[in-house]
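Those protein sequence lines, which keep their order, are chains A and B.
For the first sequence, the working numbering gives the first residue as 32, with consecutive numbering after it.
For the second sequence, the working numbering gives the first residue as 877, with consecutive numbering after it.
Beta carbons: idealized from backbone N, C-alpha and C, even for Gly.
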Amino acid sequence: DVKVTQSSRYLVKRTGEKVFLECVQDMDHENMFWYRQDPGLGLRLIYFSYDVKMKEKGDIPEGYSVSREKKERFSLILESASTNQTSMYLCASIHGRTGGEKLFFGSGTQLSVL
Amino acid sequence: ILNVEQSPQSLHVQEGDSTNFTCSFPSSNFYALHWYRWETAKSPEALFVMTLNGDEKKKGRISATLNTKEGYSYLYIKGSQPEDSATYLCAFNDYKLSFGAGTTVTVRA
């Protein structure tokens, strides 16, 4: 069974902390994505990566960075957490982006920044 | 920011009734249009991925159509059941994958 695993289901952090959200996929997918979900706004793309060490900004990259040192792992980094980054974060992966393949999602990380 | 719009934002349906809702997207740089179902406390799961203008896909009582020239897709649910209650998301693939805000469907028994 294919899997996208996010390291934490719930996280509570303090304002100003550096936060790491980890995502691992076991499907040998080239492409990985980080989204955040807020009520009424759907899923908004933060960053994506189409290969190891390659990354591109999504629609809302401010305040975030990413790291992809290995194909299976894509990390989202909040350099200095702020209260407006309290949200549900979803990681997803897909093999190819230009054909008929589908995204596989992790179970999400609910982050609260106090 | 890419403009993927879904309407309505929410709808309530009586069990047994049929319903449909819309996803609109830019008509340029099109690779694929995705539909996902997102149930509470679960991860989004793919329903359909459509790549060609005129595509129609069906999975049980749920079906979808695609018009890439005018930039819209419809999702249909026939004979709604309580287990169809979920948020339905569409995603436009133009190299990156951008989602709409979703349509939340509540089916009343």
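Item                                                                                                                                                    : Value
List the DSSP bridge partners of Leu909 (chain B).                                                                                                      : B:Met926 and B:Phe968
Of the choices B:Tyr912, B:Thr979 and B:Leu928, whose alpha-carbon is the least far from that of Asn943 (chain B)?                                      : B:Leu928
Considering Cα atoms alone, identify which of B:Gly930, B:Phe906, B:Ser886 and B:Arg913 is closest to Cys966 (chain B).                                 : B:Arg913
Nearest CA to the CA of Arg984 (chain B): which residue from B:Lys918, B:His888 and B:Tyr971?                                                           : B:His888
If we require 3 or more residues per run, which beta strand (DSSP E) segments fall completely within the segment 103–143 of chain A?                    : 104–109 and 118–125
Could you name the residues of chain B that Lys34 (chain A) contacts, counting a contact when the two beta carbons are closer than 9 Å?                 : Result: empty, since nearest Cβ-Cβ is about 11 Å, beyond 9 Å.
By Cβ distance below 6 Å, which residues in the same chain neighbour Phe906 (chain B) in space, the five residues on each side in sequence not counted? : Thr944
What are the residues of the segment 123–137 of chain A that lie near chain B, defined by any Cβ-Cβ distance shorter than 9 Å?                          : Ala123, Ile125, Arg128, Thr129, Gly130, Gly131, Glu132, Lys133, Leu134, Phe135, Phe136 and Gly137
What do you get for Phe51 (chain A), buried or exposed, if any count of 16 or more other CB atoms within 10 angstroms of its CB means buried?           : exposed
Thinking C-beta only, is Val83 (chain A) closer than 7 Å to Arg99 (chain A)?                                                                            : yes
Near Ser118 (chain A), which residues of its chain fall below 7 Å by C-beta distance, leaving aside the five closest residues on each side in sequence? : Arg67, Gln68, Asp69 and Leu142
When you compare the CB positions of Tyr81 (chain A) and Glu61 (chain A), do they come within less than 7 Å of one another, or not?                     : yes
At least one CB of chain B closer than 7 Å to the CB of Phe79 (chain A): is that the case?                                                              : yes
Taking 8 Å as the cut-off, does the segment 895–905 of chain B touch the segment 125–133 of chain A (at least 3 CB pairs, one atom from each stretch)?  : no
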